[in-house]
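Taking UniProt numbering, the leading residue of the sequence shown gets 1, the next gets one more, and so forth.
Built from N, CA and C at the ideal position, the CB exists for glycine as well.
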Amino acid sequence: MRDRLQELMLKAKDMEESRIKEDTGDEAGDIQQHAVVFEREPVIERYLHEIRKIQNDITDLSDNVTKFGQQQKVLISTMRRFSVLKKESNVTQDIKVQAERIKNRLDTLSQEVHITKGQLTEIEQRHKELVSLENQIKDLRDIFLQISFLVEEQGETLNNIEMATRNTEDYVQKTNEKFKLAVKYKKKNPCKSLFCCCCPCC
């Protein structure tokens, strides 16, 4: 396409030069006639056809715009009042739509707040239960501490009782052994045997 355009530009340049030569030839008195034959280019023809169509469309559009402008001039006086009313109704409609949107958002927020209040009440109740349970655990801990102290104290007492019992058992055993020895010594006492012989009443 560019090559063809360059060829056309060269042809136009040659034609311009030939015209200049013709002008100089006319001035010199030499009149020469030349025949110029243009080749039809399908691409250029198509572009020219499209350009003509666009020009016709632009002309039609311009005519339509002019007609529309005249109609608007005629209708503008009567439409002013209607447009004002329409604008007011449009503004009213927009306000109504915005108010409905805000109302829907407020309803949604109200439901969320109601749900949140219920959840908060439940959380507070559970917190109270946890505090009560914590207090009960503290009381149980105190009771277990007291029991452990008592067990420690009673453990020492039991140890003392056990030691006393063992000591008593040892003492009883030793006493029994001493009694046995005493009985044995009493039987073997020579004075007793002599005394018994002297005193048959003994």
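How is residue i classed by DSSP in three states: helix, strand or coil?
i: residue 182; result: helix
i: residue 188; result: coil
i: residue 16; result: helix
i: residue 27; result: Low confidence applies to residue 27: its pLDDT is 48, below 50, so where it sits in the model is not reliable, and the reading given next is rough at best. Here residue 27 sits in helix by DSSP.
i: residue 11; result: helix
i: residue 36; result: Any reading at residue 36 needs caution, since the residue's pLDDT is 49, under 50, leaving its predicted position unreliable; the model's value is listed next. Here residue 36 sits in coil by DSSP.
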